[in-house]
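Protein chains in written order, with the numbering used here: chain A, 298 to 880; chain B, 5 to 247.
No residue lacks a Cβ here, since even glycine has one placed at the ideal position from N, Cα and C.
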């Protein structure tokens, strides 16, 4: 125990340490981070406050439905924290040089595990915690809650909720690592990916937001009632459900139920943590040793000499471009942290797209239609941004200490930068067009929809302006994607960490977090600019009149032009920073 | 004291260390030589708990490294070739934190930290953060951190990486003095002159097997068979690996 406390104290000292010789660049970056983090927190607060007011007052969905939507968002949040912890945990628990260092000292394996687990939890959940807290404040202020509500929610609900997600993630990881030497590693990873995708699919199938809205709306305008009987039994065992119940019962002053759910949350988290420690006590060191030979297992099949990307094969690219492209390719496919994460993200994207492309509910209110349309649009952009952050942000850092080979060769730094950017951008722009098209299918073609009031299926032909809006969105998405990839790659150059080899850690560093927050600010501005034209189109559809396309074209130009300017600006900054760092 | 009994480590079909046995008594300075990929680092990693042996056993100062890892680790200090330091700590803080890991009492720790700082002449820069250190400075702080808990055994992997001549001299003198004071030292290196200068006994490993194990005196006699150079003995014994 004393060794554990000793190390934790040292870690705290390191966390609080100031840079030894802060230069202007470091000070500006730190100040910038502070401003961005602060602005983002304030933005998230106002956004959450506004959305709460909008959904409850303007759209009038009622407290029950509102809290069920919160429950669904919390499910996504839980899975995000869970997956984030699992992916980063592999690096933190099995690839960290600190573990090798501590293993040679008389520190028990369990203590090493606890240190690295906590390290992992704070590292991968810090930003999400800040986002959650700001959103909670926005929500709480709307209802005018006293200060002790926030204390209860923070320490009795949010922290245990996220800790629970982290515990489950690491238990699954320990289990995976125990099986890894015995089972084909790819089959194992594939199994886990399918498990997570299946879990998300099942959740949204079982809880069915569409059916829930239908059922509740049958009682319109009495939508504030408690419709607990509509909840599927399985959902009641999930922690996101407990949180939404805590919030719902708090609004309704049912503090007995609040206490019950808080106790359930705390006890479950404590139980899972004990289980995790028991598992780690027996498995951690064993799996750490096993992880040393894991790399050998994962790279073997990427050795095909006759592949298009084999260095020996000629291509029609210029020699410099060719080797840079091939180097990028091989570095990507031979790094398990890269392709595993890529497969997971593409899997989730497929599930999301298969759901939205067949979305078939009929809504009457133009406001609700605009909200649904923009939620899908913004979610697409978020997904693209997540992929850009995860794979675009680290590209410059990943060149790592091997930069000397490129820098000492007669190659311009800008060529290296451009190649790395274009590879990422080309893939993501194509992906974004596919995503935008698939998610706009319900707005482009004749389809069958369910009328929420009657529950009957009807055939609907999209209004001309709605169809035009969908095409406009499809055209805008690649422009927005280009800007986001630029932001991620360029700021990845500004915050390059050439000492870090692991892409997951680079993509969750402070610089990456700041980039993520800046991207969100950009996406929120996008949302603000696109909201009015979208609402106008759905209003025009309702009234069966033509929409004013000057407004829509102006909004589109207001998004496209600054996006391209932003892309140009950040590239200049990124390249300049890279030149300075490598001078 | 270090005892390796029939130590073997395999990675799939590849045998990295093959049936190595060795006993290093207290106060002996042992030099461990071998070409690249011969099994030196694998042996050291097994001794320090970073690999588990496939077969055989390792006892350090009477404790089995696999069965009683914490007790064994408490008795030795380890200096890797590329040391890990906490970048945001100063050198002095790092040495303190290492002492804490070995459960040292505060009073003794404070005394010992200053002792190793003086011993390795770190005073002028030890209060700067380690992120600003050169490779040689990092290496010297690692030595200090490994010595702070007064280990009975020191295990070193390539001690001279990045050290300038003066730092190298300081390190060599310190190691020699420790060995004279009863500390057993296991040192893996590529620098043959250093082995000749410091070691009481020398082991040469090639393709995982110990191909030479004898005292420095006998090594000198062995050298005479060639052209009087250790380099020639080394090249002859590891010939197969080079071809």
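For residue 875 of chain A versus residue 793 of chain A, is the C-beta distance shorter than 8 Å? Stepping through the first chain from its first residue, residue 875 of chain A is reached at position 578. Stepping through the first chain from its first residue, residue 793 of chain A is reached at position 496. Taking 8 Å as the Cβ cut-off, residue 875 of chain A and residue 793 of chain A qualify as a contacting pair.
Straight-line Cα distance separating residue 172 of chain B from residue 245 of chain B: As a first step, residue 245 of chain B is located in the second chain; it is residue number 241 there, counting from the start. As a first step, residue 172 of chain B is located in the second chain; it is residue number 168 there, counting from the start. For residue 245 of chain B, the pLDDT reaches just 46, beneath the cut-off of 50, and the residue's location in the model is therefore unreliable, although a value from the coordinates is still provided. One C-alpha to the other measures close to 29 Å.
Is the shortest distance between the beta-carbon of residue 588 of chain A and the beta-carbons of chain B less than 8 Å? Start at 1 with the first residue of the first chain, and residue 588 of chain A comes out as number 291. Not an interface residue.
Spatial neighbours of residue 83 of chain B within its chain, please: CB distance less than 8 Å, with the 5 preceding and 5 following residues excluded, ordered by chain position. As a first step, residue 83 of chain B is located in the second chain; it is residue number 79 there, counting from the start. Answer for residue 83 of chain B: 143, 146, 147, 150, 158, 159, 160, 161 and 163, listed in chain order.
Under 8 Å, Cβ to Cβ, is there at least one residue of chain A near residue 113 of chain B? Locating residue 113 of chain B in the second chain gives position 109, counting from the first residue. Cβ-Cβ to chain A under 8 Å: no for residue 113 of chain B.
What does residue 53 of chain B touch in chain E if you count any residue whose Cβ is under 9 Å from its own? No chain E is part of this structure, whose protein chains are labelled A and B.
Against chain B, with Cβ distances strictly below 8 Å, would residue 394 of chain A count as a contact? Your numbering for residue 394 of chain A matches position 97 in the first chain. So, interface residue.
Given that residue 56 of chain B touches chain A, what residues does it touch there, using C-beta distances under 8 Å? If you number the second chain from 1, residue 56 of chain B lands on position 52. Under the 8 Å cutoff, chain A gives 586.
Check the C-beta distance from residue 192 of chain B over to residue 36 of chain B and give it rounded, since I have them as a contact under 8 Å. For the purposes of this step, residue 192 of chain B is identified with residue 188 of the second chain, where counting begins at 1. For the purposes of this step, residue 36 of chain B is identified with residue 32 of the second chain, where counting begins at 1. With 8 Å as the limit, residue 192 of chain B and residue 36 of chain B qualify as a contact, their Cβ atoms being about 4 Å apart.
Closer than 8 Å, CB to CB, is residue 694 of chain A near chain B or not? Counting from one through the first chain, the residue named residue 694 of chain A turns up at place 397. Closer than 8 Å: no.
CA-to-CA distance, residue 388 of chain A to residue 382 of chain A, given in whole angstroms: Counting from 1 along the first chain, the entry for residue 382 of chain A is found at position 85. Counting from 1 along the first chain, the entry for residue 388 of chain A is found at position 91. About 10 Å.
Kindly list, in the order they appear in chain B, the residues whose Cβ is closer than 7 Å to that of residue 311 of chain A. Position 14 of the first chain, counted from the start, is the residue given in the question as residue 311 of chain A. By Cβ distance, chain B contributes 90, 92 and 93.
Which word fits residue 737 of chain A, buried or exposed, when buried means at least 16 other C-beta atoms lie within 10 angstroms of its C-beta? Indexing the first chain from 1 puts residue 737 of chain A at position 440. By the Cβ neighbour-count rule, residue 737 of chain A is buried, with 16 or more other Cβ atoms within 10 Å of its own.
Any idea what DSSP makes of residue 9 of chain B, helix, strand or coil? The residue labelled residue 9 of chain B in the question sits at position 5 within the second chain. In this structure, residue 9 of chain B counts as strand in the three-state DSSP scheme.
Would you mind stating whether residue 375 of chain A and residue 536 of chain A have Cβ atoms separated by less than 8 Å? One-based indexing of the first chain puts residue 375 of chain A at position 78. One-based indexing of the first chain puts residue 536 of chain A at position 239. Against a cut-off of 8 Å, the Cβ pair of residue 536 of chain A and residue 375 of chain A comes out as a contact.
Going by beta carbon distance, what residues of the same chain come within less than 6 Å of residue 782 of chain A, once the five residues before and after it are set aside? Residue 782 of chain A sits at position 485 when you count from the first residue of the first chain. 685, 689, 721, 722 and 725, listed in sequence order.
Contact criterion: CB-CB distance below 8 Å. Does residue 303 of chain A meet it with respect to chain B? Residue 303 of chain A sits at position 6 when you count from the first residue of the first chain. Yes, because at least one Cβ of chain B sits closer than 8 Å to the Cβ of residue 303 of chain A.
Output the residue ranges of the beta strand (DSSP E) runs that lie fully inside the stretch 619-672 of chain A and measure 3 residues or longer, sorted by chain position. Fully contained in the stretch 619-672 of chain A is no beta strand (DSSP E) run of length 3 or more.
Less than 8 Å between CB atoms is the rule here; does residue 860 of chain A satisfy it with respect to chain B? Here residue 860 of chain A corresponds to residue number 563 of the first chain, with the count starting at 1. Cβ-Cβ to chain B under 8 Å: no for residue 860 of chain A.
What are the boundary residues of the beta strand (DSSP E) that residue 189 of chain B is part of? On the second chain, position 185 is the one that residue 189 of chain B refers to. It spans 188-192 - the beta strand (DSSP E) in which residue 189 of chain B sits, taken as one unbroken run.
When you compare the CB positions of residue 90 of chain B and residue 134 of chain B, do they come within less than 8 Å of one another, or not? By one-based count along the second chain, residue 90 of chain B stands at place 86. By one-based count along the second chain, residue 134 of chain B stands at place 130. In this structure, the beta-carbon distance from residue 90 of chain B to residue 134 of chain B falls below 8 Å.
In angstroms, rounded to a whole number, what distance separates the CA positions of residue 757 of chain A and residue 743 of chain A? Counting from one through the first chain, the residue named residue 757 of chain A turns up at place 460. Counting from one through the first chain, the residue named residue 743 of chain A turns up at place 446. Their backbone Cα atoms lie some 6 Å apart in a straight line.
Could you check which residue in A:343, A:464 and A:564 has the C-alpha nearest to that of residue 410 of chain A? The residue given as residue 410 of chain A occupies position 113 in the first chain. The shortest C-alpha separation from residue 410 of chain A is found at A:464.
Please state whether DSSP places residue 342 of chain A in a helix, a strand or coil. Here the question's residue 342 of chain A lines up with position 45 in the first chain. In the structure shown, residue 342 of chain A sits in a helix (DSSP, three-state: H, G or I).
Should residue 647 of chain A go down as buried or exposed, given a rule of 16 or more other Cβ atoms within 10 Å for buried? Along the first chain, one-based indexing puts residue 647 of chain A at 350. By the 10 Å Cβ count, residue 647 of chain A comes out exposed.
If we call anything under 8 Å between Cβ atoms a contact, is residue 10 of chain B one with residue 60 of chain B? As a position in the second chain, residue 10 of chain B is number 6, starting the count at 1. As a position in the second chain, residue 60 of chain B is number 56, starting the count at 1. Yes, the Cβ-Cβ distance between residue 10 of chain B and residue 60 of chain B is below 8 Å.
C-alpha gap between residue 822 of chain A and residue 629 of chain A, whole angstroms: Numbered from its first residue, the first chain carries residue 822 of chain A at position 525. Numbered from its first residue, the first chain carries residue 629 of chain A at position 332. Answer to the nearest angstrom: the Cα atoms are 33 Å apart.
Buried/exposed call for residue 539 of chain A, threshold 16 Cβ in 10 Å: Against the first chain, residue 539 of chain A aligns to sequence position 242. So residue 539 of chain A ends up on the buried side.
Under a CB-based cut-off of 8 Å, is residue 428 of chain A close to chain B? As a working note, residue 428 of chain A is residue 131 in the first chain. Not closer than 8 Å to any Cβ of chain B, the Cβ of residue 428 of chain A fails to qualify, so no.
With the cut-off set at 8 Å, would you say residue 467 of chain A and residue 573 of chain A are in Cβ contact? To locate residue 467 of chain A, count along the first chain from 1; it is residue 170. To locate residue 573 of chain A, count along the first chain from 1; it is residue 276. Yes; because the gap between Cβ atoms is below 8 Å, this pair is in contact.
Please check if any C-beta of chain B sits within less than 8 Å of the C-beta of residue 480 of chain A. Mapped onto the first chain, residue 480 of chain A falls at position 183. Not an interface residue.
For residue 512 of chain A, does the three-state DSSP call read helix, strand or coil? Residue mapping note: residue 512 of chain A aligns to position 215 of the first chain, counting from 1. Reduced to three states, the DSSP call for residue 512 of chain A is helix.
Note down, in chain order, each residue of its chain lying with its Cβ closer than 6 Å to the Cβ of residue 233 of chain B, except the 5 sequence neighbours on either side. One-based indexing of the second chain puts residue 233 of chain B at position 229. Excluding the 5 residues flanking it on each side, residue 233 of chain B has no same chain C-beta neighbour closer than 6 Å.
So what's residue 308 of chain A in DSSP terms, helix, strand or just coil? Translated into positions along the first chain, residue 308 of chain A becomes position 11. Of the three classes helix, strand and coil, the one that applies to residue 308 of chain A here is helix, per DSSP.
Three-state secondary structure assigned by DSSP to residue 392 of chain A: Taking the first residue of the first chain as position 1, residue 392 of chain A is located at position 95. Collapsing the DSSP output to three states places residue 392 of chain A in coil.
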